[in-house]
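See below for the structure under consideration.
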Amino acid sequence: MAESTKISWTSATWNVARGCSKVSEGCKNCYMYRDSLDNTRYDAKRVTRTKTVFDNPLKWKEPKLIFTSSLTDVFHEDIFPFIHEVFRIIYLCRNLHIFQMLTKRPENIIPALKKAYEQACELGSDNSDYLNLAVWLEAWLNGHPPSCVWLGVSIESDEYIERGMLLRRIPAHIRFISFEPMLEEITPGRLLLTYVHNCPHTSGACYGNTWACCACELPTPPSEELPPIDWVILGGESGNNQGKYTYRPCQVDWIEQLAYQFQQIGTAVFIKQLGTHLSKELGLTDRHGTDPSEWPEHLQIQDFPAIDHAALLAACGKYEVKSDTK
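For the sequence shown, my numbering begins at 4 and goes up steadily by one.
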């Protein structure tokens with residue numbers, strides 16, 4: 004909820020709600036649950052709209068990268084009743100901030116946009132902000148996403164690679180994936196490839212850069228070209244040494260291989276942390292392994308995607324952005 008944050012890939016956090024429900028293994032040691040243990044004001048399992056911090060982006064006068072939201076999933080179903088209010092603030096700040104919307108529920112993104120659009124249309128008859136918001140959202144739904152919003156998904160294991168594939172089909176100016184916590188060696192496979200083919204001999208889509216996905220090798224052209232992932236964030240899990248929130252291990256070669264594979268296709272890579280396991284194994288001072296100066300030199304990678312508003316990113320403070328544009 005703060006105007007500053009320790010999360011290295013952003014410059015501020017904006018929590019439109021607090022509380023969530025767990026959907027996969029990556030949620031097991033969620034810091035929101037851990038930090039809520041001694042806080043009787045909140046039920047971590049219940050999504051509650053924030054009050055005093057809800058309109059914070061409107062108060063921030065300097066440009067920021069804003070993680071939306073760190074204490075909930077911004078596309079949780081329980082946020083739908085006020086999702087139009089969330090997008091209204093984003094719309095009003097569209098020329099100042101960049102909003103990084105990260106979710107484990109990419110299947111809810113389009114329904115959320117449609118819900119916000121419907122709500123904005125209802126309110127737009129006597130409120131110009133909502134009328135303009137409706138036009139903005141309609142353009143997004145028709146394939147013209149705003150440059151101020153980056154859409155991302157979290158993937159902790161191969162089981163959830165499909166989250167990334169779904170993200171690639173959603174209109175977005177920047178698409179990113181957070182591979183944190185990495186719970187196993189992840190094989191990105193389909194995420195690296197360009198084309199989707201629909202072979203009549205398979206029950207689903209086949210992925211590849213050439214058409215040879217079936218023994219029949221039909222001379223069928225690619226049916227769909229998917230946009231690439233622009234940015235990936237990599238990291239091991241941080242946590243306690245024992246008890247309910249004991250950290251799960253990550254290995255250096257998991258990070259190395261994933262970083263290398265995405266760099267080969269031109270995706271910007273940001274290694275956020277090595278995690279508690281590697282911090283202990285490598286004898287690092289920082290117990291979460293967040294200090295790049297302590298890492299092996301080849302892992303000291305913290306790039307941002309090349310975008311057309313690099314000056315805005317530079318104004319956020321500590322970021323060194325690639326000079327080319329998206």
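Note that beta-carbon positions come from the ideal geometry of N, C-alpha and C, so glycine has one too. The model shown is predicted, which means the values in this text are computed figures rather than measured ones.
So who's on the other strand from residue i, going by DSSP bridges?
i: W234; result: F179 and A271
i: Y133; result: Answer is none; Y133 lacks a bridge partner.
i: W153; result: Q103 and I177
i: A15; result: I69
i: E228; result: Y198
i: N244; result: For N244, which the question treats as bridged, DSSP gives no partner whatsoever.
i: I249; result: Note that residue 249 is Thr in the sequence shown here, rather than Ile. Bridge partners of T249: N243.
i: Q305; result: F273
i: R52; result: A20
Considering only the beta carbon of each residue, do residue i and residue j sit closer than 8 Å?
i: W139; j: P148; result: no
i: T13; j: L68; result: yes
i: Q74; j: I112; result: In the sequence on display, residue 74 carries Leu and not Gln. No, the Cβ-Cβ distance between L74 and I112 is not below 8 Å.
i: Q122; j: F70; result: no
i: S72; j: V19; result: yes
i: L277; j: W298; result: yes
i: A119; j: F90; result: yes
i: R166; j: P109; result: yes
i: N32; j: Y198; result: no
i: S241; j: T279; result: yes
i: G192; j: I158; result: no
i: T53; j: Y45; result: no
i: W234; j: P308; result: yes
i: L116; j: L99; result: no
i: I180; j: I232; result: yes
i: L186; j: G29; result: yes
i: L61; j: I82; result: no
i: C124; j: A137; result: yes
Roughly how many whole angstroms lie between the Cα atoms of residue i and residue j?
i: G239; j: E80; result: 28 Å
i: V56; j: C96; result: 15 Å
i: Y133; j: C23; result: 27 Å
i: E3; j: L170; result: Residue coverage of the chain in this structure runs from 4 to 329, which leaves residue 3 outside it and unanswerable.
i: L194; j: V26; result: 21 Å
i: G127; j: F182; result: 39 Å
i: F306; j: F273; result: A quick correction: the sequence has Asp, not Phe, at residue 306. Near 5 Å, if we compare the C-alpha coordinates of F273 and D306.
i: I304; j: N130; result: 46 Å
i: S11; j: S296; result: 14 Å
i: R21; j: K283; result: 31 Å
i: A262; j: L237; result: 8 Å
i: N243; j: N135; result: 47 Å
i: R37; j: H301; result: 33 Å
i: D161; j: I268; result: 19 Å
i: T16; j: G146; result: 27 Å
i: F265; j: E259; result: 10 Å
i: K64; j: E88; result: 20 Å
i: Q254; j: P174; result: 34 Å
i: G286; j: I86; result: 44 Å
i: P66; j: E6; result: 11 Å
i: Y94; j: I177; result: 17 Å
I'd like the span of the alpha helix (DSSP H) that includes residue i, first residue to last.
i: I164; result: I164 to L170
i: G286; result: That residue, G286, is in no alpha helix (DSSP H); it is neither H nor E in DSSP.
i: R37; result: Y34 to D38
Answer with yes or no whether the minimum CB distance from residue i to chain C is below 8 Å.
i: T71; result: Absent here is chain C; the protein component of the structure consists of one chain.
Exercise for review: Report the residue ranges of all beta strand (DSSP E) runs contained in full by the stretch 57–145; include only those spanning at least 3 residues, in chain order.
Suggested key: You should have 68–71 and 101–106.
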